[in-house]
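For reference, the structure is listed below as structure tokens.
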DNA sequence: CCCTTTGTTCGGTGACATCGAACGCGCTCC
DNA sequence: GGAGCGCGTTCGATGTCACCGAACAAAGGG
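Residue numbers (our numbering), protein chains in the order written: chain X, 1 to 255; chain U, 1001 to 1255.
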């Protein structure tokens, strides 16, 4: 009723399960009654799903309220660990951070969005853990743009159709044609810049990580605008990024 | 049919969903037919669940085979980020690793098992990422024993009933009475030692992290036996652990 | 101590999860 | 190159079980 698209050939019961999971996250844990009201289902239904999840560690009960369980962390670590990009790029990202003193990021994409897969701190690790494992739009950050630039044209179109080009700052690219020009430029020069297009005052530069003709992800360096001038990005940092990419390519080829 | 305990009041459809998820992990991705055979359900059933999961990013399709998706990593990072222990203990673990040059671990427990929530490398980060986010029995590592020692007696019994005391090495405590003696000792001296009880040649020392009268987790230092002698553990390292614990306690109190 | 609100249990019932057969495709192997 | 196997996917028919709502049991709060 609330979701208009029931046309899909999925399992409805799973749909409510996932809704409950998302609700538990949004609210940082919740009770049965609260969940039932929010999801629009009976209390007993919610209770049933929670019981199943509890048996598998996806949910824990503290007092009267249910919370998402560490089983998610378990599976999450597994999924990340399976990514070639992650295994081949970790060390490169570490070194990049040491050499530049700025944040370094390993990024990949799934379902038309980019995810921060691995990051190293620069000044403080707090920000890293805030972003780590979160989804981002691909049009407004260096890594995402670097990936988009090397994706088939129809896939780029599909992604833009699905997720749009929301403005994060005044400098975000929100026009389709403008994005295509930018992607062509990135393809040509081999790297993508982000000048306050995602967060005001944050600049970044990213390069694509390709393997077997496909973009697997991107490697990027980000930091405050006053330190990451266009000149520094396209000079020192780009050189280091190129070296790191090369190292990762080799590592991917011989994995 | 394969599972004998259908007595639980859960949702059967969720049960097969979780079975599929686990199968996808065990096999590092699989096709519909393979999953259907392994789970003992119809292909169309599998396909339905996969479609639902795909819509929510829990699964991705590469070619003809399905793999677990990065949505798990997203939720996983969220769950860890909500742990008080993690937010309050990260920095302490970092410093501990720098000061001792050994691996440091932040551990917590759920459902009677311990999980490695945060770790820093010591010599190599590879091992850290192997263990990070995995479950462990609580009776055979320092952090787990430190937690057990400060849990109510009936809960300890329930845990042992559920998970048993499997022998990981020749030195693993496999006897219930012996475990209880050990736990009493730990309670008295305030720290737990692990001398090759989990992995041969690996020693460790752990202290409990308590807050509001409850054990929230444990902090531990681990490394090769030849460097982590009983004397060093109970001397220098214990001192540093105590300092770190104190810092975490303060951080927890004022969170 | 009542009275509200919570989590939990319990049958009854119709929606829907499940099944099996059929389809279309890509592959291999004669 | 076409016959045949295997795959993922679709489609109805069916009977199971996910769902509901009411009743129950604890747990606070006034």
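Think of the CB as a built atom: it goes at the ideal place given N, C-alpha and C, for glycine as much as any other residue.
Model, not experiment: these values are computed from the prediction.
Query, Result
"Residue 1342 (chain U) and residue 1119 (chain U) closer than 8 Å at C-beta", "Not covered by the structure: residue 1342 (chain U). The range shown for chain U is 1001 to 1255."
"Collapsed DSSP secondary structure at residue 271 (chain X) in the structure displayed", "Outside the shown range of chain X (1 to 255) lies residue 271 (chain X), about which nothing can therefore be said."
"Pair within 8 Å by beta-carbon distance, residue 1194 (chain U) and residue 1204 (chain U)", "yes"
"Segments of 4+ residues assigned as alpha helix (DSSP H) that fall wholly inside the stretch 1031-1099 of chain U", "1032-1039, 1043-1055, 1071-1082"
"The beta strand (DSSP E) enclosing residue 1214 (chain U), as first and last residue numbers", "1214-1224"
"Ordered list of beta strand (DSSP E) runs contained in the stretch 154-225 of chain X, each at least 3 residues", "192-195, 202-211, 214-224"
"Identified DSSP bridge partners for residue 1146 (chain U)", "Per DSSP, none; premise fails for residue 1146 (chain U)."
"Cutoff 8 Å: residue 49 (chain X) Cβ touching any chain U Cβ", "yes"
"For residue 998 (chain U), the three-state DSSP class (helix, strand or coil)", "In the structure as shown, chain U begins at 1001 and stops at 1255. Residue 998 (chain U) is therefore absent and cannot be evaluated."
"Residue 1011 (chain U) in three-state terms, based on DSSP", "coil"
"Residue 160 (chain X): contacting residues in chain U (beta-carbon distance under 7 Å)", "Result: empty, since nearest Cβ-Cβ is about 18 Å, beyond 7 Å."
"Neighbouring residues, chain U, relative to residue 80 (chain X) (Cβ below 8 Å)", "1070, 1073"
"Residues of the stretch 1127-1139 of chain U with Cβ closer than 9 Å to any Cβ of chain X, in chain order", "1129, 1130, 1132, 1133, 1134, 1135"
"First through last residue of the beta strand (DSSP E) which encompasses residue 254 (chain X)", "It is not in any beta strand (DSSP E) - residue 254 (chain X) carries neither H nor E in the DSSP assignment."
"Cut-off 6 Å between Cβ atoms - residues of its own chain near residue 140 (chain X), not counting five sequence neighbours on either side", "168, 172, 197, 198"
"Supposed close pair residue 57 (chain X), residue 77 (chain X) - CB separation, criterion 8 Å", "Not quite, the Cβ-Cβ distance comes to about 14 Å (not below 8 Å), so this is no contact."
"Residue 25 (chain X): contacting residues in chain U (beta-carbon distance under 8 Å)", "1075, 1078"
"Cross-chain neighbours of residue 1115 (chain U) in chain X, by beta carbon under 8 Å", "70, 73, 74"
"Span separating the alpha-carbon of residue 200 (chain X) from that of residue 128 (chain X)", "17 Å"
"Residue 1009 (chain U) classed as buried or exposed, judged by whether at least 16 other C-beta atoms fall within 10 angstroms", "exposed"
"Neighbour-count burial assignment, residue 166 (chain X), 16 or more Cβ in a 10 Å radius", "exposed"
"Helix, strand or coil at residue 27 (chain X) according to DSSP, with G and I counted as helix", "coil"
"Candidates X:251, X:157, X:213: closest to residue 177 (chain X) by CA position", "X:157"
"Contact check, residue 1065 (chain U) vs residue 1031 (chain U), beta carbons under 8 Å", "yes"
"Cutoff 7 Å; reference residue 1003 (chain U); Cβ partners in own chain excluding five residues on either side", "For residue 1003 (chain U), the predicted model reports a pLDDT of 34, less than 50, meaning its position is unreliable; a value from the coordinates is still stated below. Counting only Cβ-Cβ distances below 7 Å, and skipping sequence neighbours, we find nothing."
"Where residue 991 (chain U) sits in the DSSP three-state scheme", "Here chain U covers residues 1001 to 1255 and nothing more, so residue 991 (chain U) does not appear."
"The stretch 1010-1023 of chain U touching the stretch 11-25 of chain X, judged by at least three CB pairs closer than 8 Å", "yes"
"Beta-carbon proximity list for residue 25 (chain X), same chain, < 7 Å, skipping 5 on both sides", "68"
"Distance between residue 1109 (chain U) and residue 1050 (chain U) (C-alpha atoms, nearest Å)", "31 Å"
"Helix, strand or coil at residue 1246 (chain U) [DSSP, three-state]", "helix"
"Interface positions of the stretch 1193-1214 of chain U facing chain X (Cβ-Cβ less than 8 Å), listed along the chain", "none"
"Neighbour flag for residue 1059 (chain U) against chain X, beta carbons, 8 Å", "no"
"Listed by chain order, chain X residues near residue 1010 (chain U) by CB distance under 7 Å", "48, 51, 52, 55"
"Chain U contact for residue 111 (chain X) (CB, 8 Å cutoff)", "yes"
"Euclidean distance between Cα positions of residue 253 (chain X) and residue 1236 (chain U)", "45 Å"
"Minimum Cβ-Cβ distance from residue 17 (chain X) to chain U less than 8 Å", "yes"
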